[in-house]
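Report on one structure; see the data block that follows.
Protein chains: 2
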Amino acid sequence: MVTMSDVAREAGVSMMTVSNVLTGRKRVGEPTRDRVLAAVESLGYEVNLTARHLRAGRTDTVALIVPSFHDYFGEVADRIAPLIEAGGRHLVLERTSADARSEMESLSVPRLQMYDGVFLSVAGLGRDEIDRVPTSAPIVLLGEREMPGRFDHVRLANGEGARLATAHMLERGSRRVLALGGAVGSSAGMESDRRAGWAEAHRAAGLVPDDRLVVPLPDFTSEAAHQALGQVLDDGPAFDGIFAVNDTVAFGALAALAERGVRVPDEVQLAGFDNLDVSRFVPPGITSVDPGYDVVAATAVRLLEQRMAGSDAPREHVTTPVSLVERGSTRADVGPG
Amino acid sequence: MVTMSDVAREAGVSMMTVSNVLTGRKRVGEPTRDRVLAAVESLGYEVNLTARHLRAGRTDTVALIVPSFHDYFGEVADRIAPLIEAGGRHLVLERTSADARSEMESLSVPRLQMYDGVFLSVAGLGRDEIDRVPTSAPIVLLGEREMPGRFDHVRLANGEGARLATAHMLERGSRRVLALGGAVGSSAGMESDRRAGWAEAHRAAGLVPDDRLVVPLPDFTSEAAHQALGQVLDDGPAFDGIFAVNDTVAFGALAALAERGVRVPDEVQLAGFDNLDVSRFVPPGITSVDPGYDVVAATAVRLLEQRMAGSDAPREHVTTPVSLVERGSTRADVGPG
DNA sequence: CTGTTAGCGCTTTCAA
DNA sequence: TTGAAAGCGCTAACAG
């Protein structure tokens, strides 16, 4: 490995001069500069960033640590990346494994403090476990559940989104709207917030939410939704609308409906959550709750940069607004129900 | 910041002993060990990985650097991650910006050598530019084009996949199959390989590939495909099949067809490439070329680990096999054409 | 404008 | 089993 002192020797200058040429932090005379660059070129020298980072005490790198970068977090990452770059830092993504054990593992403190800041979304961890994550690096939590007060936290208006989607279908004539992927117990996760919104929409419409319409899922994949909805269609309660906990789940539902020849939106209306790009294109177009990705990203970046700048302002817990995007999977007018 | 020497002082031992306790590399007496751990706990000490890395000359981290982690590369990343973890290293993802300038930027040597190894997929760079990427770190190229011989390279059998998909539709009665996203010029990218396969299938069926059926796209998004196919439907040549250069493009096509009431597969058959998870579920199910993600991942990891182990075996250029997954968007039997 | 010194936090020798 | 010294490659601070 070629080091800076090799270059210095080759150019007949001190290491400091090489460093100055490379970083541009100090004025260096033209001829000296040229000799240094020539030496760099001829030796094929490359700065060692690890060494620079150790010296500087910063890595100029921010991590987005999420359970999966498909779907929602992929979209979020796409918006966060340019904002972080604009601040002169790099964004890297890390995937936490699904299970809580290795999730805690990947949150091992040493790794966290390798970064100037971290966006963290924890799927499997309970609130207490999160609370035990040391605060060595600036951390902004992303995620749809209660979080310890000692972290900044950005979350969506989940209940409101679910309410919007469900109310929309009720307005358009549905009377029995399934909550596909709704939590049955009283966990504090995203699914229970979304389920609460579903229930609230029913009550606002003068209907009593029927617990049998809440269909839990082992995970929020298309496959799980496909299977579960197949079961409901075969021998579950009757329904005429589906609020899917996210768009991926909605695709699984769509497949199950199509297989049985159930027409969308005529017989069953369908709405999802996340407004994935593909949801616009999948016929008949999936009505979906839009998370306002730009706002989520901008808020998260603002909080993290504030923290990285050393602010000790009180932690913020921000809930960002959502909106409903109506498409062909729900009806345009009030139907017969 | 608490350092190891703080812990050593607190525990009344030398730094070396602290290090040994923490890494477990050497035997340490029980009582000493306990005192060290107590000090670590009470001071809230965290190893500084940057320092460790500098000392070790390794970062135990591998990067997957891709233009986008949606779709194809997201799937690849999901398969690569566990394999890398199994080797005791971490996988991080970085996104290259779309444009070649900042792509070259993110490939700046210093960043590359921060990693023990790199999987690199370059979208915007030409072969010559890639050839100029310094070989400081072990690099395995991923991507569907000719690459310099000095790198290991994993690519798909693009031509074969396109041929399979097109031949399948021709067998099932299509006579005029659009190549949606096919390259028009003679660039050496993925799209021209796939277009070549499309043409070959025609010839094998005794048909003459019609260049007017090759529809170029500004980018391989659903939106671009939606627009372009809309144009073709409105005033382009007649067709009865579509080979979409990837599944994302296929979704855009599906939307354009649905808007105009064109029935799939009865009037137009449709096949894509990548076999995304969602393609299984989008009615009527998108026939797609499966890239064999597990094989791609295993091959790439094998090559990189070999390189990271210091091998100077000749560079390998591996083309991994693909297969066709038939679904409802193409016909089950020979139709009337 | 250029060079010298010191040290970021850790671990690999080597010695006790 | 424990410790002291040396140095990974770089740059801030200060001299010259």
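Quick note, the sequences are listed as chains A and B, same order. Each residue of the first sequence is one higher than the one before, starting from 55 at the first, in our numbering. Each residue of the second sequence is one higher than the one before, starting from 55 at the first, in our numbering. Where is the CB? At the ideal position from N, CA and C, for every residue including glycine.
- Per DSSP, cross-strand counterpart(s) of residue 148/A: Sequence index remark: in the first sequence, residue 148/A carries index 94 (1-based). Looking at the DSSP assignment, residue 148/A forms a beta bridge with 119/A.
- Task: Check the Cβ-Cβ distances between residue 205/B and every residue of chain A, and say whether any is below 8 Å.
- Result: Translated into positions along the second sequence, residue 205/B becomes position 151. Judged by the 8 Å Cβ criterion, residue 205/B is not in contact with chain A.
- Message: Counting only Cβ pairs nearer than 7 Å, list the residues of chain B close to residue 244/A.
- Response: As a working note, residue 244/A is residue 190 in the first sequence. Going along chain B, no residue has its Cβ under 7 Å from residue 244/A, so there is no contact; the nearest lies around 20 Å.
- Item | Neighbour flag for residue 256/A against chain B, beta carbons, 8 Å | Indexing the first sequence from 1 puts residue 256/A at position 202. Chain B, which has no Cβ nearer than 8 Å to the Cβ of residue 256/A, makes this no.
- Query: With residue 73/B and residue 119/B assumed to form a contact (beta carbons below 8 Å), what rounded beta-carbon distance in angstroms separates them?
  - Reply: Looking up residue 73/B in the second sequence gives position 19. Looking up residue 119/B in the second sequence gives position 65. 33 Å between Cβ atoms; not a contact.
- Message: With a threshold of 7 Å (Cβ to nearest heavy atom), would residue 192/A be considered close to the ligand MN?
- Response: Of the ligands one can find in the structure shown there are none, so the ligand MN has no counterpart to examine.
- Query: Exposed or buried, what is residue 285/A when buried is set at 16 or more other beta-carbons lying within 10 Å of its beta-carbon?
  - Reply: Counting from 1 along the first sequence, the entry for residue 285/A is found at position 231. In the assembly as shown, residue 285/A is an exposed residue. Its beta-carbon has fewer than 16 other beta-carbons within 10 Å.
- Task: On the DSSP bridge assignment, give the partners of residue 173/B in chain order.
- Result: For the purposes of this step, residue 173/B is identified with residue 119 of the second sequence, where counting begins at 1. The bridge partners DSSP lists for residue 173/B are 118/B and 194/B.
- N-terminal and C-terminal residue of the beta strand (DSSP E) that residue 327/B is part of: By one-based count along the second sequence, residue 327/B stands at place 273. 323–327 is the extent of the beta strand (DSSP E) around residue 327/B.
- Query: Using a Cβ-Cβ cut-off of 6 Å (strictly less than) and excluding sequence neighbours within five positions of residue 254/B, which residues of its own chain qualify?
  - Reply: Numbered from its first residue, the second sequence carries residue 254/B at position 200. For residue 254/B, where only same-chain residues beyond five positions count, the Cβ hits under 6 Å are 217.
- Proximity below 8 Å, CB of residue 324/A to CB of residue 298/A: Locating residue 324/A in the first sequence gives position 270, counting from the first residue. Locating residue 298/A in the first sequence gives position 244, counting from the first residue. Contact flag set, yes.
- Item | For residue 263/A, the nearest candidate out of 89/A, 200/A and 220/A (CA to CA) | As a first step, residue 263/A is located in the first sequence; it is residue number 209 there, counting from the start. For the residues 89/A, 200/A and 220/A, the minimum Cα distance to residue 263/A belongs to 220/A.
- Task: Below 8 Å between beta carbons is the criterion; list the residues of the stretch 67–101 of chain B that meet it against any residue of chain A, in chain order.
- Result: Result list: 98, 100 and 101.
- Can you list, in chain order, the stretches of the alpha helix (DSSP H) that have 4 or more residues and sit fully within the stretch 206–277 of chain A? Residue ranges of uninterrupted alpha helix (DSSP H) with 4 or more members, entirely inside the stretch 206–277 of chain A and ordered along the chain, are 212–225 and 244–258.
- Distance between residue 234/B and residue 179/A (C-alpha atoms, nearest Å): In the first sequence, counting from the first residue as 1, residue 179/A sits at position 125. In the second sequence, counting from the first residue as 1, residue 234/B sits at position 180. Residue 179/A and residue 234/B have their C-alpha atoms some 44 Å from each other.
- Task: Return the CA-CA distance between residue 389/B and residue 227/B, expressed in angstroms with no decimal places.
- Result: The sequence position of residue 389/B within the second sequence is 335, counting from 1. The sequence position of residue 227/B within the second sequence is 173, counting from 1. Any reading at residue 389/B must be qualified, since the residue scores a pLDDT of 49, below 50, and its modelled position is unreliable; the value itself is stated next. Approximately 5 Å, taken between the alpha carbons.
- Cα-Cα separation, residue 252/A to residue 126/A: One-based indexing of the first sequence puts residue 252/A at position 198. One-based indexing of the first sequence puts residue 126/A at position 72. For residue 252/A and residue 126/A, the distance between alpha carbons rounds to 21 Å.
- Message: Spatial neighbours of residue 372/A within its chain, please: C-beta separation below 6 Å, excluding the five flanking residues on both sides.
- Response: The residue given as residue 372/A occupies position 318 in the first sequence. 208 and 353.
- Look up residue 336/A in the DSSP assignment and say whether it is helix, strand or coil. Within the first sequence, residue 336/A is the residue found at index 282, counting from 1. Looking at residue 336/A - three-state DSSP - the assignment turns out to be coil, as it is neither helix nor strand.
- Message: Less than 8 Å between the C-beta atoms of residue 195/A and residue 206/A, yes or no?
- Response: Translated into positions along the first sequence, residue 195/A becomes position 141. Translated into positions along the first sequence, residue 206/A becomes position 152. Cβ distance < 8 Å, so residue 195/A and residue 206/A count as in contact.
- Task: Show which residues of chain A have a CB atom less than 7 Å away from the CB atom of residue 190/B.
- Result: Here residue 190/B is taken as the residue at index 136 of the second sequence, counted from 1. 100, listed in chain order.
- Rank 246/B, 328/B, 258/B and 236/B by C-alpha distance to the C-alpha of residue 283/B and give the top, closest one. As a working mapping, residue 283/B is identified with position 229 in the second sequence. Ranking 246/B, 328/B, 258/B and 236/B by Cα distance to residue 283/B puts 236/B first.
- Message: By alpha-carbon positions, which one of 302/B, 381/B and 150/B ends up nearest to residue 331/A?
- Response: One-based indexing of the first sequence puts residue 331/A at position 277. Minimum Cα distance to residue 331/A is reached at 302/B.
- Buried versus exposed call for residue 129/A [16 or more other C-beta atoms within 10 Å across all chains shown]: As a working mapping, residue 129/A is identified with position 75 in the first sequence. Residue 129/A comes out buried.
- Query: If contact means a Cβ-Cβ distance below 8 Å, which residues of the stretch 163–181 of chain A contact chain B?
  - Reply: Within the stretch 163–181 of chain A, the residues whose Cβ lies closer than 8 Å to some Cβ of chain B are 163, 164, 165, 167 and 168, listed in chain order.
- Message: Please classify residue 92/B as buried or exposed, where buried requires at least 16 neighbouring CB atoms within 10 angstroms.
- Response: In the second sequence, residue 92/B corresponds to position 38, counting from 1. Looking at its Cβ environment, which holds fewer than 16 other Cβ atoms inside 10 Å, residue 92/B is exposed.
- Can you check whether the CB of residue 67/A is closer than 8 Å to the CB of residue 210/A? The sequence position of residue 210/A within the first sequence is 156, counting from 1. The sequence position of residue 67/A within the first sequence is 13, counting from 1. Contact: no.
- Message: Buried or exposed for residue 89/A, going by 16 or more other Cβ atoms inside 10 Å?
- Response: Residue 89/A sits at position 35 when you count from the first residue of the first sequence. Label assigned to residue 89/A: buried.
- Item | Close Cβ partners of residue 99/B (< 6 Å) along its chain, the five nearest in sequence each way excluded | Position 45 of the second sequence, counted from the start, is the residue given in the question as residue 99/B. 56 and 61.
- Query: Under the rule that 16 or more other beta-carbon atoms within 10 Å means buried, what is residue 294/A, buried or exposed?
  - Reply: Within the first sequence, the letter at position 240 stands for residue 294/A. With 16 or more Cβ atoms within 10 Å of its Cβ, residue 294/A is classed as buried.
- Message: Could you tell me the alpha carbon to alpha carbon distance between residue 343/B and residue 139/B, rounded to whole angstroms?
- Response: The residue given as residue 343/B occupies position 289 in the second sequence. The residue given as residue 139/B occupies position 85 in the second sequence. Roughly 28 Å separates the two Cα atoms.
- Considering only the beta carbon of each residue, do residue 145/B and residue 163/B sit closer than 8 Å? Position 91 of the second sequence, counting from 1, holds the residue named residue 145/B. Position 109 of the second sequence, counting from 1, holds the residue named residue 163/B. A distance of 8 Å or more separates the beta carbons of residue 145/B and residue 163/B.
- Message: According to DSSP, simplified to helix, strand and coil, what is residue 293/A?
- Response: By one-based count along the first sequence, residue 293/A stands at place 239. Coil, per DSSP.
- Task: Measuring only between beta-carbons, confirm whether residue 64/B sits less than 8 Å from chain A.
- Result: Residue mapping note: residue 64/B aligns to position 10 of the second sequence, counting from 1. So no, residue 64/B is outside the interface.
- Query: Using 8 Å as the limit for Cβ to Cβ distance, is residue 361/A near chain B?
  - Reply: Reading the first sequence from its first residue, position 307 is the one you call residue 361/A. No, its Cβ sits nowhere closer than 8 Å to a Cβ of chain B.
- State yes or no: is the C-beta of residue 296/A within less than 8 Å of the C-beta of residue 232/A? Taking the first sequence and counting its residues from 1, one reaches residue 296/A at position 242. Taking the first sequence and counting its residues from 1, one reaches residue 232/A at position 178. Between residue 296/A and residue 232/A, the gap from beta carbon to beta carbon is short of 8 Å.
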